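Since the structure comes first, as structure tokens, the remarks are kept for the end.
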Amino acid sequence: MINVPRGTKDLLPGEVEKWQHLEELVRHLCKLYGYQEIRTPIFEHTELFARGIGETTDIVQKEMYTFEDRGGRSITLRPEGTASVVRAYLEHHLYNQPQPVKLYYIGPMFRYDRPQAGRYRQFHQFGLECLGSHDPAVDAEVICFTWDYFQRLGLKKFTIELNSIGCPICRPRYTKALKAFFEPYQDSLCSFCRERLHRNPLRVLDCKVPQCQELGKNAPVLLENLCEECQKHFSDVQSYLRVLKIPFVINPRLVRGLDYYTHTAFEVVFSELGAQASIAGGGRYNNLVEAYGGPPVPAVGVAVGIERLLLALEKSGVQLLPPKEPIIFVATAAGDSRPWLEQEAMLLLMELRNAGFRAEKDYLGRSLKAQMKSAGKIGARYVLILGEEEMAAGEVVIRDMRAGNQFSVPRENVLKTIVEMKDKEEG
RNA sequence: GUGGGUGUAGCUCAGCUGGCCAGAGCAUCAGGUUGUGGCCCUGAGGGUCGUGGGUUCGAGUCCCAUCACCCACCCCA
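With the numbering used here applied, the first sequence corresponds to residues 7 to 433, in that order.
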């Protein structure tokens, strides 16, 4: 018996419909916001991620699905979407198109993590990337999209956390000050933070160990040390959000690991999910395109985790299953002429489907009784019964499964009658 | 990668301190007379008790290992 690989799962009927619904809304909103879909490969040269995401991050250091292909190339299953989009933007010279270029993607991502609630090795994201504009309005648009999307789905109790992590001018200045601040207390920090202090000092402020928190209380605050330009950008983004009436809270400890990330950082948190509370994250990355060897193109983006969103929606009591298409079941009565009736049934199915109805019949050679039973089980709205006698008289029985009554109509009027009943029902 | 919990039919679970206990409900399929559903009744199929070792006369039931899932840490979607 072979099972799915660890950290992956099958999506069965009953569940996929929810995914389809989420995806449809993504596509619909992207149309409204002017984002066009881009499909990139799910694997790339390892170097793309190593350079773009950062050699020092956990993703690159221990979470990548990397392998050598038969040609000896190092290949990695994408752990996130931005790197590929930027690669494609450069590779196809999209910077020569009218700017900004607004793209969205949707699909599987892969990280070799230890699975737990809301965390899988193959998980799914959709994301937006807007390349080519510095305008804080774009930051606001991306956040607005995210908020709009969750709002339309009916998600409750989520929080948009916002921060600015500065730029290559002010952040290094700040991290240096931060290091200088903590260094005298190094021995009092937890072992993780001692490591963090070198790799990513901002994270020390986010540590949960009480002692580290205590020490961090008097540390310099990034938001108070932004350069003028960063401050302006940050306050502009906030102004836009206020005008749009999008609620947010400022979380000074919200951090992005790398130098390519600049200015805006935001996350959408659904606290009831526990340890994996973050259902979306995004921000600006004004230096990534250049880092990949392209022109200096500013950009901002967001990624939404579908599995986590689904969990959050469930906790919000959101019903995602769309109403089912009414089923018309064609049954045949037993008897010597059943083979012929079966052919008639197939023909009727086709007619119904051509007219836009969902139509089904039995394929297990069941008795009429059993056919009725299974029609009831799958929730058929009407059952058309092809009986020997009626057919001989040129008639078909239409049974209304909800009302529990039935009547005969001439064979040639079956479609017409069904359409009439449907129209009547829909008022 | 570290720590804790769990693992019995498709699903939810029972099986006390090791010995006819391999079970229930639901689901599936078939019947309840001759051409009709939803309720009810009857019956059937389906399990190497996660896997592999070990202890024992004998192991779902004890021990070890392994795998998977869940939860937490790390990190993130």
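Where a beta carbon is used, it is the ideal one built from N, C-alpha and C, also for glycine.
Since the model is a prediction, treat every value here as computed from it, not as a measurement.
Here residue 132 has 32, 112, 310 as same chain residues with Cβ atoms under 6 Å from its own Cβ, once five neighbours each way along the sequence are excluded. The residues 302, 303, in chain order, have a CB closer than 8 Å to that of residue 296 in the same chain once the five nearest residues on each side in sequence are set aside.
Per DSSP, residue 360 is not a residue of any beta strand (DSSP E); the alpha helix (DSSP H) it occupies stretches across 344 to 360. Using a C-beta cut-off of 8 Å, the segment 86 to 101 makes no contact with the segment 118 to 130, since fewer than three inter-stretch Cβ pairs fall below that distance. Apart from the 5 residues on each side of it in sequence, residue 317 sits with its Cβ closer than 7 Å to the Cβ of 124, 279 in its chain, given in chain order. DSSP places residue 58 inside the alpha helix (DSSP H), whose first and last residues are 52 to 59. Per the C-alpha coordinates, the member of 349, 85, 389, 109 positioned closest to residue 49 is 85. For residue 313 against residue 129, the beta-carbon gap comes to about 5 Å, under 8 Å, which counts as contact. With 16 or more other Cβ atoms from the protein chains shown falling within 10 Å of its own Cβ, residue 202 counts as buried.
Residue state for residue 164 is assigned as coil, using DSSP reduced to three classes. Within the DSSP bridge table, the entry for residue 9 names no partner. Within the same chain, Cβ atoms closer than 6 Å to the Cβ of residue 65 are found at 59, 85, the five residues on either side in sequence being excluded.
Shown here, residue 108 sits in a strand according to DSSP, grouped into three states.
Here DSSP, grouped into helix, strand and coil, assigns residue 231 to helix.
Note on residue 315: 16 or more other CB atoms within 10 angstroms of its CB, so buried under the neighbour-count rule. Within 10 angstroms of the beta-carbon of residue 351 lie 16 or more other beta-carbons, which makes it buried.
Here the C-alpha atom of residue 73 lies approximately 36 Å from the C-alpha atom of residue 155. Take the alpha-carbon of residue 423 and the one of residue 390: they are about 11 Å apart.
For residue 48, the three-state secondary structure derived from DSSP is coil.
Here DSSP, grouped into helix, strand and coil, assigns residue 226 to coil. The secondary-structure analysis by DSSP pairs residue 256 across a beta bridge with 168. The beta carbon of residue 292 lies closer than 6 Å to those of 268, 304 in the same chain, with the five residues before and after it left out.
If only complete runs of 3 or more residues are kept, the segment 86 to 144 shows the beta strand (DSSP E) at 107 to 116, 128 to 137, in order along the chain. Around residue 94, the same chain offers 44, 46, 100 as residues with beta carbons nearer than 8 Å, after the five sequence neighbours per side are excluded. Looking at the DSSP output, residue 406 shares a beta bridge with 388, 411. Contact between residue 250 and residue 186 does not hold, since their C-beta atoms are separated by about 39 Å, which reaches or exceeds 8 Å.
The Cβ atoms of residue 116 and residue 71 lie closer than 7 Å to each other.
Comparing C-alpha distances from residue 204 to each of 212, 182, 222, 225 shows the shortest one belongs to 182. Taking one beta carbon from each stretch, the segment 327 to 339 and the segment 381 to 401 have 3 or more pairs nearer than 8 Å; the two touch. In the same chain as residue 108, and ignoring 5 residues on each side of it, the C-beta atoms closer than 6 Å to its own belong to 40, 41, 136, in chain order. For residue 184, the enclosing alpha helix (DSSP H) starts and ends at 176 to 188.
Of all alpha-carbon atoms in 166, 234, 257, the one lying nearest the alpha-carbon of residue 209 is that of 257. A distance below 7 Å separates the beta carbons of residue 289 and residue 262. Straight across, the Cα-Cα distance linking residue 428 with residue 163 is about 39 Å. Here residue 273 is buried: its Cβ has 16 or more other Cβ atoms, across all protein chains shown, within 10 Å.
Going by beta carbons, residue 106 and residue 138 fall inside the 7 Å limit.
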